[in-house]
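Only one structure is covered here, and it is reproduced in the block below.
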Amino acid sequence: MVGHVQAMPRHGKNEKGQPGSNNVCQVLPQNESLVDQVEDEQQWLPSSGTLVKATNPRHAKIILNAASYPKISLCAPHLLGEEAALQLAKQVIAHLEDKKPPGIDIRNLGHFFDFIPSRVGQSNALDDAVKCILTAYSACLHENGAALSQDRAEYYRALKSLRIACLDEKEVLSDETLCAAVLLSWYEVLAANLDESWLTHIGGTSRIIKLRGPAPHRSGFGLALLEAQESLISGEAMAAFRPCFLNAPEWSELLNDQNMIVGLLETRSLTVSNMIVAQLSTLLLEAQRFHELDESSIRDLISQLWELRRIIKKALDNTLDMAEKNENEFAPIICCKDAIYLILIDTTILDVLGAPTISTTSMEKTPRKLQELSLAPQGFTDIEIFKSFLNSQIYENLNIFLSKLALASKVTPFNMRKMAFMCRIMCVERGKRANPHPIWARFERVILGINEPGWLSKIIAVHQV
0 MVGHVQAMPR HGKNEKGQPG SNNVCQVLPQ NESLVDQVED EQQWLPSSGT
50 LVKATNPRHA KIILNAASYP KISLCAPHLL GEEAALQLAK QVIAHLEDKK
100 PPGIDIRNLG HFFDFIPSRV GQSNALDDAV KCILTAYSAC LHENGAALSQ
150 DRAEYYRALK SLRIACLDEK EVLSDETLCA AVLLSWYEVL AANLDESWLT
200 HIGGTSRIIK LRGPAPHRSG FGLALLEAQE SLISGEAMAA FRPCFLNAPE
250 WSELLNDQNM IVGLLETRSL TVSNMIVAQL STLLLEAQRF HELDESSIRD
300 LISQLWELRR IIKKALDNTL DMAEKNENEF APIICCKDAI YLILIDTTIL
350 DVLGAPTIST TSMEKTPRKL QELSLAPQGF TDIEIFKSFL NSQIYENLNI
400 FLSKLALASK VTPFNMRKMA FMCRIMCVER GKRANPHPIW ARFERVILGI
450 NEPGWLSKII AVHQV
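Residue numbers (numbering that gives the first Met the number 0): 0 to 464.
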């Protein structure tokens with residue numbers, strides 16, 4: 000809810016902790032391997048080395064970059080004065096209350112924006128990130144988005160504040176620091192930076208949310224921040240073939256809660272459950288071990304993938320119907336997203352069917368859940384017929400993606416841009432694998448235009464007419 004907001008002094012800060020931000024340092028439990036952590040988690044600024052600094056609380060360490068660009072001092076700046084904080088809060092409120100078309104409303108960046116006005120003035124990391132993102136957002140609205148890639152002074156200032164916040168044992172765990180990290184990940188999308196910075200931010204916020212645990216994300220600001228990132232967390236895990244912590248029981252319970260926010264209000268009835276996507280990322284990782292599995296285990300894995308496929312396919316059919324009837328402006332982009340999930344599942348099943356433990360012609364038993372297929376009886380166990388069916392489905396879902404791409408880009412440009420970033424990473428990662436399915440090279444060509452600098456500003460210009 001947006002209304003009159005008074006900037007709060009620092010002593011009014013909520014001390015419920017959340018792990019800090021993303022682009023400069025990282026928090027890890029004391030019992031984790033430091034070497035493994037440095038290798039597995041991307042650093043939050045380009046760096047030639049790392050240094051480890053012990054901090055309170057005692058159970059954690061913070062990894063800092065030893066070198067970065069630009070050179071920055073870690074002396075903590077003063078907080079905004081009350082008047083400056085109030086003016087910044089008013090700027091956010093002005094954007095929230097501005098009646099823009101739904102696809103370019105600032106809440107497309109996350110419903111956590113509704114909580115920001117009451118939090119400015121309490122955290123330099125948040126204040127500087129808010130200034131940075133408002134500049135980027137306004138530049139996109141006025142077709143100056145390309146200039147942001149050259150003039151990144153506000154961005155570097157925000158990174159500096161984020162780094163300083165991560166050195167403070169309370170700040171690093173705060174809602175405000177996490178929000179700053181999320182905002183800077185959006186800056187990369189708005190400024191069309193296709194380097195590793197965006198994925199670095201996503202990996203950092205993922206790590207932060209995991210360390211915070213479910214409790215701080217059950218309501219309010221914390222819940223809104225989780226909602227903004229959960230699909231990216233699962234997407235990054237799927238792209239990098241990593242397990243997704245959101246599939247753990249304690250997180251599954253939260254994501255499956257009926258009170259969990261699922262996207263914008265307009266899309267809640269359309270989106271696939273958050274928990275389903277987290278499960279998918281975990282199964283995709285398990286499928287990479289298919290050469291170690293016997294036929295029974297492979298049948299079970301295929302059955303689990305097929306059950307998720309059934310749920311997603313049902314959701315896609317429903318959303319396609321709404322898109323055809325123009326009943327929801329967000330239906331086209333959700334169709335695109337669901338089509339991608341189905342392509343992921345079907346290409347993964349094709350990989351699994353190539354396991355050496357599977358007969359070259361048939362499986363001994365029909366995998367559970369496949370009886371719903373419209374195949375001839377022998378198609379349930381005949382490997383070649385099954386593969387042919389899956390390939391036809393892969394290209395059918397690519398056609399669904401293509402059929403909705405233009406409208407999704409026009410109506411929801413911010414979210415389409417973000418999706419294209421993730422898809423590009425996914426295509427590149429799968430292209431590195433042995434014998435990648437040709438769909439990934441074709442898919443990368445399809446989204447090439449969306450990843451070009453200046454695309455977002457051009458699309459948004461349509462909304463200004």
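Virtual Cβ for every residue (Gly too), placed ideally from N, Cα, C.
Report task. Flag D97 as yes if its beta-carbon sits less than 8 Å from any beta-carbon of chain B, otherwise no. Result -> The structure shown contains no chain B; it is built from a single protein chain.
Fill in: 6 Å CB neighbourhood of D345 in its chain, flanking five on each side removed
L389, Q392, I393.
> Is H290 helix, strand or coil when you go by DSSP?
Replying inline: Residue state, collapsed to three classes: helix.
Original post:
Just curious, the alpha helix (DSSP H) that I449 is in, first and last residue?
Top reply: It is not in any alpha helix (DSSP H) - I449 carries neither H nor E in the DSSP assignment.
| Leaving out the 5 sequence neighbours to the left and right, which residues in its chain are closer than 6 Å to V445 when beta-carbon positions are compared? | Around V445: no qualifying Cβ.
For K417, does the three-state DSSP call read helix, strand or coil? The answer is helix: DSSP assigns K417 an H, G or I state.
Whether A322 touches K409 by CB criterion (8 Å): Result no, Cβ atoms of A322 and K409 do not sit closer than 8 Å.
As assigned by DSSP and simplified to three states, the class of I115: Coil at I115, not helix or strand.
From the DSSP output, in three-state form, read off C243 for me. Coil at C243, not helix or strand.
Worksheet item: Which term fits R288, buried or exposed, when burial requires 16 or more other beta carbons within 10 angstroms of its beta carbon?
Response: So R288 counts as exposed.
How is the alpha helix (DSSP H) around I105 delimited, first residue to last? Here I105 belongs to no alpha helix (DSSP H), and DSSP marks it neither H nor E.
Alpha helix (DSSP H) segment containing S122, residue limits: From DSSP, S122 is part of no alpha helix (DSSP H); its letter is neither H nor E.
Review point. In the structure shown, what three-state DSSP assignment does E515 receive?
Key: Nothing can be reported for residue 515: it is not among the residues displayed for the chain, which extend from 0 to 464.
Note to self: Let's test the definition: count the other Cβ atoms within 10 Å of the Cβ of S205 and tell me whether it reaches 16, buried, or not, exposed.
What the structure shows: S205 is buried by the Cβ-count criterion.
Alpha-carbon spacing of S117 relative to C131, whole angstroms: Take the alpha-carbon of S117 and the one of C131: they are about 18 Å apart.
Out of curiosity, what's the CA-to-CA distance linking E252 and H110?
For the pair E252 and H110, the Cα-to-Cα distance works out to about 22 Å.
Q. What separation, rounded to the nearest whole angstrom, lies between the Cα atoms of D299 and I424?
A. About 29 Å.
query: From L397, K169, L140, pick the residue whose C-alpha is nearest to that of H436; which is it?
result: Of the candidates L397, K169, L140, the residue whose Cα lies closest to the Cα of H436 is L397.
query = With a CB to CB cut of under 7 Å and the five nearest residues on each side skipped, what residues in its chain are close to Q278?
reply = Cβ contact annotation for Q278 (same chain, cutoff 7 Å, sequence separation greater than five): N246, L307, in chain order.
Query raised in the report: H94: buried (16+ other C-beta within 10 angstroms of its C-beta) or exposed?
Result: A residue is called buried once 16 or more other Cβ atoms fall within 10 Å of its Cβ, and H94 is buried on that count.
- Evaluate V469 with the Cβ neighbour count: other Cβ atoms within 10 Å of its Cβ, from every protein chain shown; 16 or more gives buried, anything less gives exposed. Within the shown structure, residues of the chain are numbered from 0 to 464, placing residue 469 beyond reach of any answer.
Can you tell me the Cα-Cα spacing of L108 and L349, whole angstroms? Taking the straight line from one Cα to the other gives about 35 Å.
CA-to-CA distance, S295 to S173, given in whole angstroms:
The straight-line gap from Cα to Cα measures roughly 47 Å.
For the alpha helix (DSSP H) that contains V188, what are its first and last residues? Start and end: 174-189.
Could you give the distance in angstroms between the alpha-carbon of A330 and the alpha-carbon of P101? Roughly 13 Å separates the two Cα atoms.
**Message:** So for R162, helix, strand or coil by DSSP?
**Reply:** Three-state DSSP puts R162 in a helix.
Straight-line gap, A227 to W185 (C-alpha atoms, nearest Å):
Near 11 Å, if we compare the C-alpha coordinates of W185 and A227.
Same chain, Cβ closer than 8 Å to P213, five either side skipped, listed in chain order: The beta carbon of P213 sits closer than 8 Å to those of E249, W250, E252, L253, all from its chain and outside the five residues before and after it, given in chain order.
- prompt: Among residues of its own chain, excluding the 5 on either side of I201, which ones have a beta-carbon nearer than 7 Å to its beta-carbon?
  reply: Answer for I201: S184, L231, E235, listed in chain order.
I need the DSSP call for E428, collapsed to helix, strand or coil. In the three-state DSSP reduction, E428 falls in the helix class (H, G or I).
message: If distances are taken between C-alpha atoms only, which option among R211, A88, D126, A239 comes closest to K169?
response: Ranking R211, A88, D126, A239 by Cα distance to K169 puts R211 first.
Roughly how many angstroms separate the alpha carbons of S387 and D337, rounded to a whole number?
Each residue's Cα considered, the two are about 21 Å apart.
Checklist entry - Mapping DSSP to helix, strand and coil, what is S218? => result S218: coil per DSSP, three-state reduction.
Quick one, which of I311, A239, E96, G203 has its alpha-carbon nearest L177's? That would be G203, whose Cα lies nearest to the Cα of L177.
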